[in-house]
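When you line the sequence shown up against our numbering, it's residues 19 to 108, in that order.
The beta-carbon is built from N, C-alpha and C at its ideal position, and this holds for glycine as well.
Quick caveat, the model's predicted, so the values are computed rather than measured.
Report on the following structure.
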Amino acid sequence: MAIEALHNELKALIIETLDLEDINIEDISDSEPLFNEGLGLDSIDALEIGVALQKRYGIKLNPEADDVKRHFASIADLATLVCNHRTDGR
């Protein structure tokens, strides 16, 4: 899968998972922070996204791992995580 397509798929996953009705794919930058000053997501949102990533891509995340925050920093970082750890065969 091309990286741009994966970025858009991840944006759609976040919008769908979190029911972000007022946001569309074009509103989310690939490098924009997903939490705090960026998209404004919180830790509960991170948990929901983590579950969605596990269901969609077969990625198992350890919430206690030091690098989890880094992987969830932006769409680009999430895409890197998916590319490196997906088990869904795509």
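Note to self: Tell me which residue opens and which closes the alpha helix (DSSP H) that Gly68 is part of.
What the structure shows: 61-75
Next item on the list: For Ala97, count neighbouring Cβ atoms within 10 angstroms of its own Cβ and tell me buried if that reaches 16, exposed if not.
Entry: buried
Note to self: I need the boundaries of the alpha helix (DSSP H) containing Leu99, first residue and last residue.
What the structure shows: 93-103
Notebook entry, point to check: Where does Gly68 land, buried or exposed, given buried means 16+ other C-beta within 10 angstroms?
Noted result: buried
Check: How big is the Cα-Cα spacing for Glu44 and Glu82?
Finding: 32 Å
Note to self: Let me check understanding here. Comparing Cα to Cα, which of Asp48, Asp95, Ala91, Lys29 lies closest to Asn42?
What the structure shows: Lys29
Margin query: Using C-beta distances below 8 Å, list every residue in its chain close to Ser49, excluding the 5 sequence neighbours before and after it, in chain order.
Written below: Ser92, Ile93, Ala94
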